[in-house]
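Enquirer:
Now the structure itself:
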């Protein structure tokens, strides 16, 4: 799946033809949403898991 990246489009959430929305990665807020909802929680879970196992 290709990322939607159109810097001239000011929308963060862009509707898809098949329904739903996709993030516009040409907008800096989309990157913040990605980091805050996926990368940070993954790091927290990995750190807690390692702390419990070790």
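In this note's numbering, the protein residues as written are 189 to 242. Using N, Cα and C, we set each Cβ at its ideal position, and we do this for glycine too. In this text the structure is predicted, and so the values were computed from the model without any measurement.
(1) Is the number of C-beta pairs between the stretch 192-205 and the stretch 223-230 that are closer than 8 Å three or more?
(2) Would you give the residue range spanned by the beta strand (DSSP E) that residue 233 belongs to?
(3) How would you call residue 190, buried or exposed, if buried means at least 16 neighbouring beta carbons within 10 angstroms?
(4) At the level of alpha carbons, what is the spacing between residue 197 and residue 220?
(5) Going by other Cβ atoms of all chains shown within 10 Å of its Cβ, with 16 needed for buried, is residue 239 buried or exposed?
Expert: Taking the geometry as given:
(1) Contact annotation: the stretch 192-205 does not touch the stretch 223-230, with fewer than three C-beta pairs closer than 8 Å.
(2) One-based indexing of the chain shown puts residue 233 at position 45. Annotation for residue 233: no beta strand (DSSP E) segment contains it, though the alpha helix (DSSP H) segment containing it runs 228-241.
(3) Translated into the one-based positions of the chain shown, residue 190 becomes position 2. With fewer than 16 Cβ atoms within 10 Å of its Cβ, residue 190 is classed as exposed.
(4) As a first step, residue 197 must be located in the chain shown, where it is residue number 9. As a first step, residue 220 must be located in the chain shown, where it is residue number 32. C-alpha separation (whole angstroms): 17 Å.
(5) Mapped onto the chain shown, residue 239 falls at position 51. Residue 239 sits exposed, since fewer than 16 C-beta atoms from the chains shown fall within 10 Å of its C-beta.
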